[in-house]
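Residue numbers (the numbering used here), protein chains in the order written: chain E, 272 to 639; chain D, 21 to 248.
Don't be surprised by glycine CBs; every beta carbon is placed ideally from N, CA and C.
Everything numeric in this text was worked out from a predicted model, so none of it was measured.
Structure, as structure tokens:
See below:
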């Protein structure tokens, strides 16, 4: 039983926001301009992104609404009616509500009836977990199709007022770092057990991932303060947790470099298992968080004697922003819309996640 | 990394070695002493223990490298020269460990009289055995692991030790200096790989030895916390 990606769609909220406008949207922390912004933007290379909040930091569209928009666009360009969808598999790092699962909220928003539901929880690689759950479900002939949606609304975490709640008004580098990295958006893919009636489909050859949480400490988190592992749930009140800085999105930047060896390690492992041949890869879609990490990955692959020519790499990170788990789907959707693919071409996708170091890989072949 | 291997066979070997290194690097972070170091829970006592245990292997290290050099016959005279240079660079590294130990408040007589831990025994035994074979090209795999580790010590561990412990600069000479040297040694290793990894059989032997050394090195680090 083969599984095919037969349609895709994405949604980005509001207008594209340039680097000069970011602080006008997220707000000035304590009325002061950031001193780190320029340096971090220079390193990640992102030029424009989208936010679901406006300049008063009011949410204009919820996470589940964005997910539903992407899902609808994906179904609209497919041969499948919404009432024929058998499985809905979704991912986000933070839904609009803590509970219930994000999938329930997206299903209601899309008005899908009696689907089998799956929600995967995590950061960037949760997209691939949601995709794999759908892929294996179809492969096991439990469903004939599955709509997979990934969506992120990170900007709510970056409102200046959130940082201003921290006692002593101290915003450390690790808490500010991601403010200049992440933004909002949603992507969707439709998987079916047969190729699309007209046009091209992408056959999913395999999806694999390797997690290394047993080895590395937490690198990206919400829920613990600086220099402590106390859970936000263990403070007497939520306001105490917020004052301690436990609700800020943090990145331990010193651990971040490990993502390069973790990513290349998995790549070599799959290659040695004979799952793909480097010269036969036609396109590489890698969700790297910044230009800085792309060059490190390329350098290390180079040392390993793996040369993938620059023209095979595709990304829309610099124009659409880093939308966490939604990135790889948004990338794939725009790639398909802008490339004339021929039967037999192959795509290699890679999603390295620094949360606690999980790296996912996928191999696709163009079919008709 | 200006120096790179050039031959197809050398490249295949390097790729396999890189894979062994990555797995070693992951396993390394799980050894309790390394876990404490990398997760900011290292005590001065831990650091002293680490130096004391490393010294017992490092002082024997120059023995296997020199024996390895002498086991290369006339067909490998060029390889022998490189290995001799390598042995000369490192044969007194144990003195740095002793000096670091003293700077950290340890008694010289203690580090000088301690015996090898169980892992060091196994590692040293294996290396001496391999070094005694004729033309032991597989030991390039051992050098790969040990040099890589020196590099990691210098680029990551030194800073971690200095941040966590209130020590004079003179207490981390081994990790820092050893690493400086290793950059150049790794460039030389690339040359050696090109020279000796010429067929599948040699690659297999080199990778096998790298894996054994990696495993035994971890054992040595695990044993830092035991009383044996």
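Return the first residue and the last residue of the beta strand (DSSP E) that residue 417 of chain E is part of. 416-423
Rounded to whole angstroms, what is the Cα-Cα separation between residue 240 of chain D and residue 66 of chain D? One C-alpha to the other measures close to 14 angstroms.
I think residue 284 of chain E touches residue 331 of chain E, with their Cβ atoms under 8 angstroms apart; what is that distance to the nearest whole Å? 6 angstroms
Taking a contact to mean a Cβ-Cβ separation below 8 angstroms, would you say residue 459 of chain E touches residue 591 of chain E in this structure? Result no, Cβ atoms of residue 459 of chain E and residue 591 of chain E do not sit closer than 8 angstroms.
Residues of the segment 44-73 of chain D whose Cβ lies closer than 7 angstroms to any Cβ of chain E, in chain order: 45, 46, 49, 50 and 59
Is the shortest distance between the beta-carbon of residue 536 of chain E and the beta-carbons of chain D less than 8 angstroms? yes
When you check each C-beta in the segment 479-494 of chain E against every C-beta of chain D, which residues fall closer than 8 angstroms? 483, 485, 486, 487 and 488
Per DSSP, what are the beta-bridge partners of residue 275 of chain E in this structure? E:463 and E:474
Proximal residues of chain D, C-beta to C-beta of residue 543 of chain E below 8 angstroms: 36 and 39
State whether the segment 230-238 of chain D contacts the segment 35-47 of chain D, with contact taken as three or more CB pairs (one from each stretch) at a distance under 8 angstroms. yes
Out of E:475, E:356 and E:531, point me to the one whose CA is closest to residue 406 of chain E's CA. E:475
Within this structure, are the beta carbons of residue 423 of chain E and residue 631 of chain E separated by less than 8 angstroms? Not closer than 8 angstroms, so no.
When you compare each of E:576, E:574, E:299 and E:581 to residue 433 of chain E by their alpha carbons, which one comes out closest? E:299
Any beta-carbon of chain D closer than 8 angstroms to the one on residue 532 of chain E? yes
Using the Cα positions of residue 496 of chain E and residue 365 of chain E, report the straight-line distance between them to the nearest angstrom. Going by the C-alpha atoms only, they are around 18 angstroms apart.
Distance check for residue 376 of chain E and residue 277 of chain E, CA to CA, integer angstroms please. When rounded, the distance between both Cα atoms is 24 angstroms.
What span of residues does the alpha helix (DSSP H) with residue 230 of chain D cover, start to end? Per DSSP, residue 230 of chain D is one residue of the alpha helix (DSSP H) stretching across 220-242.
Residues of the segment 554-573 of chain E whose Cβ lies closer than 7 angstroms to any Cβ of chain D, in chain order: none
Can you have a look at residue 72 of chain D and say buried or exposed, based on whether 16 or more other CB atoms are within 10 angstroms of its CB? buried
From the DSSP output, read off the bridge partner residues of residue 482 of chain E. E:629
Length-filtered (4 minimum) alpha helix (DSSP H) runs lying within the segment 539-589 of chain E: Here the runs fully enclosed are 562-574.
Simplified DSSP state of residue 227 of chain E, which is helix, strand or coil: Nothing about residue 227 of chain E can be read from this structure; chain E reaches only from 272 to 639.
Rounded C-beta distance between residue 564 of chain E and residue 531 of chain E? I'm assuming under 8 angstroms. The pair is a contact, with the Cβ atoms about 7 angstroms apart (cut-off 8 angstroms).
If you measure from the beta carbon of residue 575 of chain E to each beta carbon in chain D, is any gap under 8 angstroms? yes
Give me the Cα-Cα distance between residue 615 of chain E and residue 483 of chain E, rounded to the nearest whole angstrom. So the alpha carbons of these two residues sit roughly 33 angstroms apart.
Within the continuous beta strand (DSSP E) that includes residue 358 of chain E, where are the two ends? 358-363
Name the chain D residues whose beta carbon is nearer than 7 angstroms to that of residue 403 of chain E? Within chain D, no C-beta atom comes nearer than 7 angstroms to that of residue 403 of chain E; the closest sits roughly 22 angstroms away.
Closer than 8 angstroms is the cut-off here; do at least three beta carbon pairs connect the segment 81-94 of chain D with the segment 109-127 of chain D? yes
Leaving out the 5 sequence neighbours to the left and right, which residues in its chain are closer than 7 angstroms to residue 159 of chain D when beta-carbon positions are compared? Non-local beta-carbon contacts of residue 159 of chain D in its own chain, meaning distances under 7 angstroms to residues more than five positions away in sequence, involve 88, 150, 151 and 229 in chain order.
Residue 594 of chain E, enclosing beta strand (DSSP E) - first and last residue: No beta strand (DSSP E) contains residue 594 of chain E, which DSSP labels as neither H nor E.
Candidates E:391, E:624, E:521 and E:272: which alpha carbon is nearest residue 373 of chain E's? E:391
Less than 8 angstroms between the beta carbons of residue 394 of chain E and residue 537 of chain E, yes or no? no
Rounded to the nearest angstrom, what separates residue 206 of chain D and residue 33 of chain D at their Cα positions? 14 angstroms
Compute the Euclidean distance between the alpha carbons of residue 126 of chain D and residue 503 of chain E, then round it to the nearest angstrom. In this structure, the CA atom of residue 126 of chain D is about 42 angstroms from the CA atom of residue 503 of chain E.
Pull out every residue of the segment 514-529 of chain E whose Cβ sits closer than 7 angstroms to any Cβ of chain D, in chain order. none
CA nearest to the CA of residue 560 of chain E, picked from E:576, E:453 and E:572: E:453
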